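Written out below as structure tokens is the structure these notes cover.
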Amino acid sequence: MPVKVYNTMTGKKEDFTPDAPARVKMYVCGPTVYDLSHIGHARSAVAFDVIQRYLRYSGYEVDFTKNYTDIDDKIINRANKDGVDWKEISERYIKAYDEDMASLGVEVPGRRPRATETIGKIIELIGTLIGKGSAYVMDGDVYYSVRKFSGYGKLSGRNIEELESGARVEVDERKADPLDFALWKKSKPNEPSWESPWGGGRPGWHIECSAMCIALLGETIDIHGGGKDLVFPHHENEIAQSEAATGKPFVRYWLHNGFVNIESEKMSKSIGNILLIRDALKGHTPESVRLFLLSSHYRSPIDYTKDSLKEAEAKAERFYRTLRRMEEEWPDILNKTTDPARLKERLKPVRAAMDDDFNTAGAIGMIFEEVAKANRMMDEAEKGKPGDAFKEKLPAVKAVFKEAGKFLGVFAKTPEEYFDELKSRARLPKEEVERLMEEREEARRKKDFKKADAIRSDLLKQGITLEDTPLGTKWSA
RNA sequence: GGCGGCGUACCCAAGUGGCAAGGGAGCAGUCUGCAAAACUGCCAUCCAGCGGUUCGAAUCCGCUCGCCGCCUCCA
């Protein structure tokens with residue numbers, strides 16, 4: 277069964293087959309590094325992380341590239357505002373981005389090119405475009421001639437006439453046509469500048485992605501991804517530049533992720549409702565943030581509300597509590613290895629969901645069906661003698677969890693790791709909690725339930741929940 | 001105005017032709033000293049509305065209503 281992917285270019289789900297068998301060339305537009313990353317960056321990164329992981333899981337070798345846009349007007353503005361060198365800004369926020377992504381379990385892409393490391397290729401590409409008559413020089417700037425490219429608008433479903441009539445007031449009068457966009461921007465004094473045949477300047481935003489893509493992955497790549505907002509004009513322009521330069525199809529499958537809204541509103545600096553990844557992680561486990569992002573299909577908009585991360589966290593806890601129960605109550609049975617054929621069979625519903633345009637929400641639903649089944653089986657087994665079927669099935673469930681964890685990047689921790697994460701944010705030190713629990717245990721032994729309950733409710737006020745189990749009392753924050 | 005998307009229970013959310021996954025919340029029960037957790041049962045005869053196609057539609061087509069995104073930097 278081939279993986280099906282929704283291709284923005286055709287507006288349809290298509291069977292995915294890479295150009296070269298078993299090898300996928302994949303490029304995702306990375307961040308412009310001028311500020312801390314927000315939950316929207318996290319969504320894009322997590323979505324393509326899962327896509328990349330799942331393709332590899334499905335047997336493809338994935339050449340995964342994600343760039344950093346480390347030179348741009350916004351970076352220069354930020355540097356001026358902070359009174360530091362632009363390089364310091366880009367370095368600072370590349371580091372911050374990497375940290376945020378690591379905390380969300382996003383795997384490091386195989387290649388992470390920076391625009392400023394690709395200047396040579398960019399200049400070369402612009403030169404080619406000028407040579408072919410697709411671009412023109414105007415007083416130190418270079419512009420791309422949109423009208424020369426007959427396919428312009430094919431990705432975003434626009435045509436030149438519509439764009440023309442809808443064009444906003446054009447500030448830059450030097451352009452021959454309002455639709456044209458900058459490939460190379462002449463630098464002003466005291467601005468970062470690279471030498472080029474057209475004088476000192478810096479690359480425009482769109483050209484860097486074309487250059488990095490072509491330089492690192494080749495003239496035709498399999499998958500190009502990014503946020504929905506990049507469809508127009510960024511990706512449309514990338515197609516125009518790349519195809520005009522190479523004469524070959526640029527991208528075979530275009531994938532775009534949906535937005536994260538905050539309380540039904542678009543995140544924006546002007547509304548002031550930006551949710552930084554760091555802030556989201558303050559009150560919640562990274563696992564629950566990732567689970568929240570994967571609980572909707574990657575192309576749908578998701579709405580962040582004050583309860584959504586709590587719900588995701590409840591979900592994560594349900595999973596790890598079940599896994600902990602399995603491991604603690606049935607350690608011997610769980611050690612059994614599961615027959616690969618059997619595992620494949622059990623994994624089918626999860627894979628069917630993933631094969632259908634990376635339907636992580638559906639796959640997670642299937643995982644929770646397994647969770648419910650596992651609990652039911654264990655309840656049953658506790659009542660009588662665990663049968664042979666149980667001894668086969670329980671390890672199989674765990675094996676399914678393990679496999680799904682590989683491509684979802686959630687459900688992959690040990691319960692201890694997960695609950696330690698939770699405990700680490702408790703308001704009381706671990707030792708204090710354990711002392712109080714011991715005190716309560718003593719009271720319970722003496723049947724002084726009044727005292728025992730008082731300790732429990734005091735701890736609850738501190739955000740600590742106690743749970744008495746046959747294997748002793750457990751706590752979580 | 002142009003282009004695109006969405007509308008599934010109290011909330012979140014899968015499902016795109018064959019009798020509505022999953023999670024959260026809620027209610028009742030089993031278990032427990034009591035809780036918690038877990039389990040069981042209940043919780044959409046119905047998928048914005050109205051028509052149409054079909055043996056059969058939440059799923060296809062048309063219209064209506066509502067919401068949102070892109071068209072300017074943006075994940």
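For the first sequence, the numbering used here assigns the number 277 to the initial residue and increments by one for each residue that follows. Beta carbons: idealized from backbone N, C-alpha and C, even for Gly. Only a predicted model underlies this, so the values are computations on that prediction, with no experimental measurement involved.
Please tell me whether residue i and residue j are closer than 7 Å, where the distance is taken between their beta carbons.
i	j	result
P525	T496	yes
F634	I327	yes
H500	V536	no
W751	L670	no
P691	R600	yes
V413	I402	no
F340	M302	yes
V647	T598	yes
Q517	S472	no
V304	Y369	no
A657	F666	yes
L610	K678	no
F595	S584	no
L312	A372	yes
A491	K620	no
R575	G534	yes
V720	A728	The sequence shown places Arg at residue 720, not Val. Cβ distance < 7 Å, so R720 and A728 count as in contact.
G306	N283	no
E280	K289	The sequence given here has Lys at residue 280, not Glu. Yes, they are a contact pair.
R566	V322	yes
M602	P625	no
L623	V676	yes
F457	Y420	yes
W470	G416	no
I351	S334	no
In the DSSP output, what is residue i paired with across the bridge?
i	result
H532	G502
A296	R299
H511	Note: H511 sits in no beta bridge, so no partner.
N651	N651 is not bridged to any residue.
T749	D744
E541	I538
G523	In the DSSP output, where bridge partners are listed per residue, G523 has none listed.
P479	W460
Y310	Paired residues: none, contrary to the question.
F340	M302
T345	T308
M630	DSSP lists no partner for M630.
E290	V281
State the CB to CB distance for the pair residue i and residue j, rounded to an integer number of angstroms; the pair is presumed to be in contact (CB under 8 Å).
i	j	result
P805	W362	A question about residue 805 goes unanswered here, because the residues of the chain that appear run from 277 up to 753.
G685	G381	5 Å
K682	R329	7 Å
R618	A672	6 Å
A637	H573	5 Å
L459	A411	6 Å
F508	R434	7 Å
L405	A592	With a Cβ gap of about 49 Å, L405 and A592 do not count as contacting.
L698	I640	Their Cβ separation, rounded to whole angstroms, is 20 Å, which puts L698 and I640 out of contact at 8 Å.
Y529	D498	6 Å
Using the Cβ count rule (16 or more neighbours within 10 Å means buried), how would you classify residue i?
i	result
T286	exposed
P616	exposed
D325	buried
E446	With a pLDDT of 48 at E446, under the threshold of 50, the predicted position of this residue should be treated as unreliable, though the coordinate-derived value follows. It is exposed - the Cβ of E446 has fewer than 16 other Cβ atoms within 10 Å.
E563	buried
S320	buried
L331	buried
E715	exposed
A239	The structure shown does not extend to residue 239, since the chain is modelled only from 277 through 753, so no value can be given for it.
V360	exposed
F292	buried
D724	exposed
A588	buried
K357	exposed
A629	buried
K689	buried
G503	buried
E484	buried
Notebook entry, point to check: Are at least three pairs of beta-carbons, each pair with one atom in the segment 477 to 486 and one in the segment 499 to 515, less than 8 Å apart?
Noted result: Output reads yes: the segment 499 to 515 touches the segment 477 to 486.
Taking contact to mean 3 or more Cβ pairs, one atom from each stretch, closer than 8 Å, check whether the segment 343 to 360 and the segment 378 to 392 are in contact. Judged by Cβ distances under 8 Å, the segment 343 to 360 makes contact with the segment 378 to 392, as three or more pairs qualify.
Practice problem: Take every Cβ of the segment 285 to 299, pair it with every Cβ of the segment 540 to 550, and state whether three or more of those distances are shorter than 8 Å. | Solution: Short answer: they don't touch.
Across the segment 696 to 715 and the segment 735 to 743, are there enough close Cβ pairs to call them in contact, namely three or more that are closer than 8 Å? The answer is yes - the segment 735 to 743 touches the segment 696 to 715, with three or more Cβ pairs under 8 Å.
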